[in-house]
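Below: the structure, in structure tokens.
Numbering (the working numbering), first residue to last: 239 to 572.
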């Protein structure tokens, strides 16, 4: 069965699932820290860009909840997912229809239905979603919305997702175009929605002064192996941003292992590289999202689990890092 056919079947299976529950956990910001329902929240994520479009993850509510519980057991309480998964790079589960947005900025019913259910499932498990709206990868493939369509898409999405307070919007992945007007469109539709953006590739820590000021928290992509030892450089970058801007800062897409494509390492890496970086970023006052190379390759790659889901137990390498995350506050407490 082709990806597009699986995607349609997935949507049909889920279309009758109930909507948001009355009480949803609320993600918030207090000074330089995150809160959930007003209590300190140790924002700890994993990249799961294809979450909306993965047939296995969304096959049923029971299966999706089982995966979320597995992530929780390994210390993960945030999924970083993408609205646009329509680039032409051949990554796992990409397809031409894999976007929340039509070209005019209107919302597509099928992926929106899945997203609502994913948000409700995450809320039931006490988890948060970081939703990336627009991506550099699609932009470079000339899959672009006009400025007006971007504003429409962001505003409609903000209105549609008002019941779900366990989500933050990330305007861009590694790019900056028309960002401030998009933030204003989101805030006009839903003033309480937390908004951030990743303004550029690894090492590009901020956008313009106006853009940075508009963000509720910062999600830079810190320097990777080409700049030196990321477990030393990234914590210093995070520490600087916290001191400079007084907002929560997430090490959003840090140095990873595996393929050298798309900003990856050219030499050997070890799980301890990531463990050290996570620990030091936390000690600097920042938060972490673990990122690895399954989203830089296709479904047949050895880096990608058969499910297309970033399974914490798929490889011994990744499992070492996830086991460290699972220990939570043993080595650090805010």
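From the three backbone atoms N, C-alpha and C, an ideal C-beta is built for every residue, glycine too.
Keep in mind the model is a prediction, meaning the values are calculated, not measured.
Mind checking which residues open and close the beta strand (DSSP E) that includes residue i?
i           : result
residue 285 : 282 to 285
residue 393 : Taken as a continuous stretch (DSSP letters only), residue 393 belongs to no beta strand (DSSP E), being part of the alpha helix (DSSP H) at 385 to 398.
residue 517 : First-last for residue 517: 509 to 521, but that is the alpha helix (DSSP H), not the beta strand (DSSP E).
residue 268 : 265 to 268
Just the Cα atoms here: how many angstroms apart are residue i and residue j?
i           : j           : result
residue 259 : residue 532 : Its pLDDT being 46, under 50, residue 259 is placed unreliably by the model, and the measurement read from it follows with that caveat. In a straight line, the C-alpha of residue 259 is about 33 Å away from that of residue 532.
residue 373 : residue 448 : 20 Å
residue 352 : residue 290 : 6 Å
residue 485 : residue 522 : 13 Å
residue 263 : residue 401 : 10 Å
residue 468 : residue 552 : 24 Å
residue 371 : residue 419 : 14 Å
residue 436 : residue 392 : 16 Å
residue 570 : residue 417 : 35 Å
residue 323 : residue 303 : 22 Å
residue 470 : residue 299 : 41 Å
residue 453 : residue 414 : 13 Å
residue 430 : residue 564 : 31 Å
residue 334 : residue 541 : 23 Å
residue 517 : residue 378 : 34 Å
residue 380 : residue 530 : 25 Å
residue 261 : residue 310 : 20 Å
residue 482 : residue 445 : 14 Å
residue 382 : residue 294 : 28 Å
residue 520 : residue 358 : 28 Å
residue 506 : residue 555 : 12 Å
residue 301 : residue 457 : 30 Å
residue 534 : residue 543 : 13 Å
residue 426 : residue 474 : 35 Å
residue 356 : residue 366 : 10 Å
residue 515 : residue 362 : 30 Å
residue 274 : residue 432 : 12 Å
residue 327 : residue 271 : 36 Å
residue 539 : residue 566 : 31 Å
residue 511 : residue 276 : 33 Å
residue 645 : residue 545 : Any property of residue 645 remains undetermined from this structure, which presents the chain solely from 239 to 572.
residue 336 : residue 568 : 39 Å
According to DSSP, residue i sits in a beta bridge with which residue or residues?
i           : result
residue 489 : 526
residue 316 : 283, 366
residue 277 : 274
residue 405 : 367
residue 410 : 372
residue 322 : 337
residue 345 : 339
residue 433 : 407
residue 456 : 487
Can residue i and residue j be called in contact, C-beta distance under 9 Å?
i           : j           : result
residue 325 : residue 376 : yes
residue 421 : residue 455 : no
residue 572 : residue 278 : yes
residue 321 : residue 306 : no
residue 492 : residue 472 : yes
residue 462 : residue 441 : yes
residue 411 : residue 360 : no
residue 386 : residue 428 : no
residue 434 : residue 409 : yes
residue 528 : residue 281 : no
residue 399 : residue 346 : no
residue 331 : residue 557 : no
residue 547 : residue 286 : yes
Whose C-alpha, out of the options, is nearest the C-alpha of residue i?
i           : options            : result
residue 319 : 406, 545, 345, 537 : 406
residue 384 : 301, 369, 284, 341 : 341
residue 288 : 549, 386, 540, 399 : 549
residue 559 : 295, 314, 378      : 314
residue 509 : 409, 544, 561, 296 : 561
residue 368 : 382, 266, 445      : 266
residue 394 : 365, 415, 424      : 424
residue 343 : 389, 479, 366      : 389
residue 459 : 329, 336, 490      : 490
residue 349 : 330, 296, 328      : 296
residue 316 : 364, 514, 544      : 364
residue 312 : 284, 519, 506      : 284
residue 268 : 534, 480, 511      : 480
Span of the alpha helix (DSSP H) holding residue i?
i           : result
residue 370 : Taken as a continuous stretch (DSSP letters only), residue 370 belongs to no alpha helix (DSSP H), being part of the beta strand (DSSP E) at 366 to 373.
residue 469 : 468 to 483
residue 418 : 417 to 427
residue 573 : What is shown of the chain runs 239 to 572, which leaves residue 573 out entirely.
residue 556 : 554 to 564
residue 506 : No alpha helix (DSSP H) contains residue 506, which DSSP labels as neither H nor E.
residue 448 : 447 to 452
State yes or no: is the beta carbon of residue i nearer than 9 Å to at least one beta carbon in chain D?
i           : result
residue 489 : Among the chains of the structure shown, chain D does not appear; only one protein chain is present.
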